[in-house]
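> Numbering (the numbering used here), first residue to last: 920 to 1308.
I have a structure here, written as structure tokens, and I will follow up with some questions on it.
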Ligand SMILES: NC(=O)c1ccc[n+]([C@@H]2O[C@H](COP(=O)([O-])OP(=O)(O)OC[C@H]3O[C@@H](n4cnc5c(N)ncnc54)[C@H](O)[C@@H]3O)[C@@H](O)[C@H]2O)c1
Ligand SMILES: [Zn+2]
């Protein structure tokens, strides 16, 4: 297959799988699934949602049939609220009704919501069946489809229930992003900036150069152009490579680690993001958009704590703003936001771990409880002031 193939050996125990990244690769989904679903898979069930399936599902199912699979399908309603227990049970029932056996496979066709739920269901159905991923959002291509975290939301909180379950293969066709709404592109780009900042100069530059060359507002016009296709493939491959390198070194996000390569650093920008999502009842921001603000907040706070300087802060404002327009912050109460930090799921042993930065490629894990509330509020006010509109 043309394009880039990254071989991922997450556990170091030989449990490796491939992430194939190539524009147009969906046309070869049949042979790809045959190659990665295990030698004896006869049946395959495509899990998708009611937005993505009508666009790509028919084609994918047809290709899988042509490759010799008996194909089943199951669709989730669109939206984060549907990533829940009830739908896991419905998915498991659909697998059973289709008589999916231990040697058959599940394929997720969709964004992070579909991937997380389908992966979780695949991990517990018959104690685990082969799972393939075809991520269709930028966020799921560079982030959620890499690393083996699966799960759903429950009344106890977001992503509270889940498993670590590595897929047997991931197929990334960046051409599928053509139909993705612009806000979802912005959300994915914010996570890309996050990973660039964490990784260091090279990935930061690749991401920032991509944003300069292809302004987000006009990005949709570029799909189908060869040069753009190559540029977005390279960006996604570099991003996936970074995420995989972190996951490889710390598959299960060990609680005891606090070094600059621990999986925890991927939470950069997320303390504020989760709080902003919570205080707006998950309705105002796409998760990635909230991460965009989270990056800037972490930068402001890092500067206040003398970990970094204005130059880095300004650089981050510049690059985050190039990911597109973020929803307004007006009407959000900084006090309420700081209060919501308490609920951050990355709390370890009751203390709030925050990822701050000393510079590009230099994350630092800091105990947020040691930071005075007044400093949090001041950093937030700086951020809000720069975004009054
Ligand atoms: N497992 C992990 O490590 C991990 C990491 C980050 C995020 N996540 C999870 O991922 C989820 C967010 O994922 P997401 O941002 O992909 O959101 P999503 O799955 O909700 O997709 C966003 C929207 O885009 C639509 N869509 C998807 N692909 C499309 C396409 N090609 N064309 C047109 N529309 C398309 C979807 O129907 C949806 O409306 C959250 O539930 C989050 O918790 C998981
Ligand atoms: Zn995120």
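All C-beta atoms, glycine included, are put in the ideal place defined by N, C-alpha and C.
Determine the contact status of residue 1000 and residue 1036, defining contact as a CB-CB distance below 9 Å.
No, the Cβ-Cβ distance between residue 1000 and residue 1036 is not below 9 Å.
> Given the structure, does residue 1207 come close to ligand 2, in the sense that its CB is under 8 Å from one of the ligand's heavy atoms?
At least one heavy atom of ligand 2 is nearer than 8 Å to the Cβ of residue 1207, so yes.
> For residue 1083, report the span of its beta strand (DSSP E) as first-last.
Where residue 1083 is concerned, the enclosing beta strand (DSSP E) stretches over 1076-1083.
> Within the continuous beta strand (DSSP E) that includes residue 1196, where are the two ends?
It is not in any beta strand (DSSP E) - residue 1196 instead sits in the alpha helix (DSSP H) that spans 1189-1198.
> Short of 6 Å in beta carbon distance, which residues of its chain neighbour residue 982, apart from the five on each side in sequence? Order them along the chain.
The answer, listed in chain order, is 948, 949.
> Residue 940 and residue 1093 - do their beta-carbons sit closer together than 9 Å?
Yes. Within cutoff.
> Distance check for residue 1285 and residue 1234, CA to CA, integer angstroms please.
Straight-line Cα distance between these residues: approximately 22 Å.
> Tell me whether residue 926, by its Cβ, gets closer than 8 Å to a heavy atom of ligand 1.
No, the beta carbon of residue 926 sits no closer than 8 Å to any heavy atom of ligand 1.
> Could you pull out every unbroken beta strand (DSSP E) segment of at least 3 residues lying fully inside the region 943-1030, listed in chain order?
As far as the region 943-1030 is concerned, its whole beta strand (DSSP E) runs of at least 3 residues are 962-968, 989-995, 1024-1029.
> I want to check one thing, is the minimum distance from the CB of residue 1106 to the heavy atoms of ligand 1 below 8 Å?
Answer for residue 1106: yes, Cβ within range of ligand 1.
> What is the rounded straight-line gap between the Cα of residue 1129 and the Cα of residue 1018?
Whole-angstrom Cα-Cα distance: 46 Å.
> Under 6 Å Cβ to Cβ from residue 974, same chain only, skipping five residues before and after it: list those, please.
Only 1098 meet the Cβ criterion.
> Run through the DSSP bridge pairs and tell me what residue 919 is partnered with.
Only positions 920 to 1308 of the chain appear in this structure, which leaves residue 919 out of reach.
> For the alpha helix (DSSP H) containing residue 1141, name the first residue and the last one.
First-last of the alpha helix (DSSP H) with residue 1141: 1138-1141.
> Taking 8 Å as the line, does the beta carbon of residue 1078 fall inside it for any heavy atom of ligand 1?
Result yes, Cβ under 8 Å from ligand 1.
> Give a single yes or no on whether residue 1239 has its beta carbon closer than 8 Å to a heavy atom of ligand 2.
Result no, Cβ not under 8 Å from ligand 2.
> Quick one, which of 1242, 1189, 1304 has its alpha-carbon nearest residue 1260's?
The option with the nearest alpha carbon to residue 1260 is 1189.
> Which full runs of the alpha helix (DSSP H) of 4+ residues lie inside the region 1240-1291, going along the chain?
For the region 1240-1291, whole alpha helix (DSSP H) runs of length 4 or above, ordered along the chain, are 1253-1259.
> Note down, in chain order, each residue of its chain lying with its Cβ closer than 6 Å to the Cβ of residue 923, except the 5 sequence neighbours on either side.
Closer than 6 Å at the Cβ level, and outside the excluded window around residue 923, lie 940, 1156.
> According to DSSP, is residue 1089 part of a helix, a strand, or is it coil?
Reduced to three states, the DSSP call for residue 1089 is strand.
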